[in-house]
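Here the structure comes first, spelled out in C-alpha cells, and everything after it is commentary.
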Amino acid sequence: MDTPIVILNYKTYLESSGLKALELAHDLESAANESGITMVAAPQAADIYRISQEASLPIFAQHIDAIAPGGHTGSNLINTLIDAGVSGSLINHSEQRMKLADIAEVVRLCAENDIESCVCTNNIETSKAVAALAPTAVAVEPPELIGTGIPVSQAQPEVVEDTVKEVKAINKNVKVLCGAGITTGDDMKAAMDLGADGVLLASGIIKAESPKDALLDLVSKL
Ligand code: G3P
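Going by the numbering used here, the first residue of the sequence shown is number 384, and it counts up by one from there.
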C-alpha cells in the first residue's frame, strides 16, 4: 500500500452510486494523476465491476463476509469481489460492525488472496486489538464524528497520535489511517503531522460541488 493514501468510502450515497460511482472514480483517477497521491475508491459491491472495467485506479470493497464458497445468500464472497476487480477491502466499518473472530478470518482471507485489508476501529483500544491481527492498515474513526464535518485530526488529535503510537508498537508494518469529518487540506495535513499514513473519508468529498476540486484541495498541503 503506497502512502500517503486517500481512501474514499462511497457508502450508499446516491451521489456515489451507479453511474455517479463511475464519475467519482474518474475524479479520483485524475486527482491521483495530477497530485501523485494514491487514491482508492471503495464503492458498493454492485458498482465494482463497472468501475474496474472503465476506470484505472485501486478499488476496495466496503465489506467482505467471513465465509467460504457455498450457501450464504446475500453475502459478499472474497473470490467474487476479487474477480470483479478489488485489490483490498474495508473491514469492520462502524456502519458494518463484525465479531472479532470474523474480523480475524477476513484479514486472513485477504492475506491468503494477496489483497489489502483495512480494518476500521472506533478508538485506541480496539485499534491495538486489531493491530495484533496484522492487517495492512487500521483506520481509526470516532463514530460520533462520522458525517459531521468535524475532523478527527483537529477535534481529537490525541486519538490519531496515540493510535499511531500504540499500533506501531505492536506491529510497525501496520499502516494507520484516520477518518471522520476529514474534508480539507488542513484536515489531511493535520492527520499526517500526527503520524498517520493517510485518511479514510466520505461525505466531505461525495457531497462537494466538485468532488475532483475537493480531492485536489485535500492533498494540496502535503
Ligand atoms: O469511512 C469513512 C467514514 O466513516 C467517514 O465519513 O463522512 O465523516 O468522511 P465522513
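All C-beta atoms, glycine included, are put in the ideal place defined by N, C-alpha and C.
Tell me where the alpha helix (DSSP H) around ALA408 begins and ends.
Locating residue 408 in the sequence shown gives position 25, counting from the first residue. 402-418 is the span of the alpha helix (DSSP H), which, as asked, contains ALA408.
Check GLU499 in the structure and name its three-state DSSP category.
Start at 1 with the first residue of the sequence shown, and residue 499 comes out as number 116. In this structure, GLU499 counts as strand in the three-state DSSP scheme.
Quick check: what's the CA-CA separation for GLU544 versus GLU495?
Locating residue 544 in the sequence shown gives position 161, counting from the first residue. Locating residue 495 in the sequence shown gives position 112, counting from the first residue. Those two C-alpha atoms are separated by around 31 angstroms.
Could you check which residue in CYS493, GLU478, ALA484, GLU488 has the C-alpha nearest to that of CYS503?
As a position in the sequence shown, residue 503 is number 120, starting the count at 1. CYS503 has its Cα closest to that of GLU478, out of CYS493, GLU478, ALA484, GLU488.
Taking 7 angstroms as the cut-off, does the CB of ALA520 come closer than this to any heavy atom belonging to the ligand G3P?
Locating residue 520 in the sequence shown gives position 137, counting from the first residue. Outside the cutoff, so no.
Checking 8 angstroms against the spacing of the C-beta atoms, do ALA585 and LYS394 come in under that value?
Here the question's residue 585 lines up with position 202 in the sequence shown. Here the question's residue 394 lines up with position 11 in the sequence shown. Cβ distance < 8 angstroms, so ALA585 and LYS394 count as in contact.
Boundaries (first-last residue) of the beta strand (DSSP E) holding VAL389:
Your numbering for residue 389 matches position 6 in the sequence shown. Run containing VAL389: 388-392, per the beta strand (DSSP E) assignment.
For LYS590, the nearest candidate out of LEU407, LEU402, ILE450 (CA to CA)
As a working mapping, residue 590 is identified with position 207 in the sequence shown. Nearest C-alpha to LYS590: LEU407.
Got a sec? Which residues, its chain only, sit under 8 angstroms from ASP600 by beta carbon, not counting five neighbours each side?
Here residue 600 refers to the residue found at position 217 when the sequence shown is read from its first residue. Leaving aside the five residues that flank ASP600 on each side, the residues in its chain whose CB is nearer than 8 angstroms to its CB run, in chain order, THR567, GLY568.
Report yes or no: do three or more beta-carbon pairs, one from the segment 521-540 and one from the segment 456-472, lie closer than 8 angstroms?
no
May I ask whether a heavy atom of the ligand G3P can be found less than 7 angstroms away from the beta carbon of CYS458?
Taking the sequence shown and counting its residues from 1, one reaches residue 458 at position 75. First, the amino acid is wrong: residue 458 is Ser here, not Cys. Because no heavy atom of the ligand G3P lies under 7 angstroms away, the Cβ of SER458 does not count as near it: no.
Given ASP385, which residues of its chain have a CB within under 8 angstroms of its CB, disregarding the five upstream and five downstream residues?
In the sequence shown, the residue the question calls residue 385 occupies position 2. Counting only Cβ-Cβ distances below 8 angstroms, and skipping sequence neighbours, we find THR421.
Less than 8 angstroms between the beta carbons of ALA573 and GLN537, yes or no?
As a position in the sequence shown, residue 573 is number 190, starting the count at 1. As a position in the sequence shown, residue 537 is number 154, starting the count at 1. Going by C-beta atoms, ALA573 is nearer than 8 angstroms to GLN537.
Would you say the beta carbon of HIS476 is closer than 7 angstroms to some non-hydrogen atom of the ligand G3P?
Reading the sequence shown from its first residue, position 93 is the one you call residue 476. In this structure, the ligand G3P has a non-hydrogen atom nearer than 7 angstroms to the beta-carbon of HIS476.
Identify the residues that DSSP records as bridge partners of LEU584: which are they?
In the sequence shown, the residue the question calls residue 584 occupies position 201. Looking at the DSSP assignment, LEU584 forms a beta bridge with LEU391.
Cβ shell of ALA467 (< 7 angstroms), same chain only, five flanking positions each side left out:
Taking the first residue of the sequence shown as position 1, residue 467 is located at position 84. Closer than 7 angstroms at the Cβ level, and outside the excluded window around ALA467, lie ILE431, TYR432, SER435.
What do you get for HIS455, buried or exposed, if any count of 16 or more other CB atoms within 10 angstroms of its CB means buried?
Numbered from its first residue, the sequence shown carries residue 455 at position 72. Classification of HIS455: exposed, given that the 10 Å Cβ count is below 16.
Cα-Cα separation, ALA404 to GLU524:
Sequence index remark: in the sequence shown, residue 404 carries index 21 (1-based). Sequence index remark: in the sequence shown, residue 524 carries index 141 (1-based). The straight-line gap from Cα to Cα measures roughly 23 angstroms.
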